[in-house]
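A quick write-up on the structure given underneath.
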Amino acid sequence: MPVKKYKPTTPGRRFLVGIDYSELTKKKPEKTLTKPIKKKAGRNVSGRITVRHKGGGHKRKYRVIDFKRKKDDIIARVNSIEYDPNRSCNIALIVYRDEKKNLVILEKDKEIVEKSFRNIPTVTVVGVDRLSVYNILNAERLIFTKKSLEETVEVYGR
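Residue numbers (the working numbering): 2 to 159.
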């Protein structure tokens with residue numbers, strides 16, 4: 002994180018340094034990794050609400066962070082470095098290679114779709130005629146086209 006030096010225009014700014022936020026991402030945070038922070042009723046020692054008729058403030062979101070990070074030997078990519086208003090440090094959005102296994106099921110053979118998914122390691126493309134129970138149980142997500150779903154129901158029954 003680069004440090005920004007200010008010009009000594011006043012005695013207070015003579016040795017002043019600050020953080021340069023230019024390297025942080027300008028995008029909004031990942032929506033699945035944020036939770037709303039609930040407001041609470043603030044009461045003092047005597048049990049009274051101190052400030053009356055004051056608004057609730059700006060809606061804030063809490064960034065969910067995985068502190069365990071059990072994926073040591075798996076290659077990951079730092080997608081972005083983000084500002085976190087709830088912490089004194091910045092956070093990094095990391096994308097791991099071991100995403101869930103996906104199975105795309107097509108009607109008959111469509112070479113164009115198979116070629117487009119060929120370079121994605123977590124996706125397997127199978128036609129309805131080559132679909133097996135092993136493929137279904139091994140995949141974590143099944144993606145059907147409309148026609149392939151109808152054909153699968155016809156072949157494998159109800």
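Note that CB positions come from ideal geometry on N, CA and C, so glycine has one too. These numbers come from a predicted model, not from an experiment.
* Other residues of its chain near Asp85: CB distance less than 6 Å, five sequence neighbours each side excluded -> Arg64, Ile92
* Residue range of the beta strand (DSSP E) that Asn120 falls in? -> Premise fails: Asn120 is in no beta strand (DSSP E) and is neither H nor E.
* To do: Would you mind working out which of His59, Thr33, Lys55 sits nearest Asp67, comparing C-alpha positions?
  => Thr33
* With DSSP run on the structure shown, which of helix, strand or coil describes Asn136? -> helix
* Supposed contact pair Val129 and Val154 - C-beta distance, whole angstroms, cut 8 Å -> In fact, because the Cβ distance is near 10 Å, the residues do not count as touching under 8 Å.
* Do Glu83 and Thr35 have their C-beta atoms closer together than 8 Å? -> no
* Asked: Taking just the CA atoms, how far does Ser133 sit from Gly56?
  -> 60 Å
* 6 Å Cβ shell around Val18 - same chain, five flanking residues per side excluded -> Val4, Lys6
* **Three-way DSSP call (helix, strand, coil) for Arg131 in this model** => helix
* To do: Indicate the three-state DSSP secondary structure (helix, strand or coil) for Ser47 in the structure shown.
  => coil
* Asked: Under three-state DSSP, which class holds Leu143?
  -> strand
* Asked: What number of angstroms, rounded off, separates the C-alpha of Lys40 from the C-alpha of Glu24?
  -> 32 Å
* **Proximity of Val46 and Ala77 at Cβ, strictly below 8 Å** => no
* Please name the residue or residues paired with Tyr63 in a DSSP beta bridge. => Lys36
* With respect to the beta strand (DSSP E) encompassing Val79, which residues constitute its N-terminal and C-terminal limits? -> 77–83
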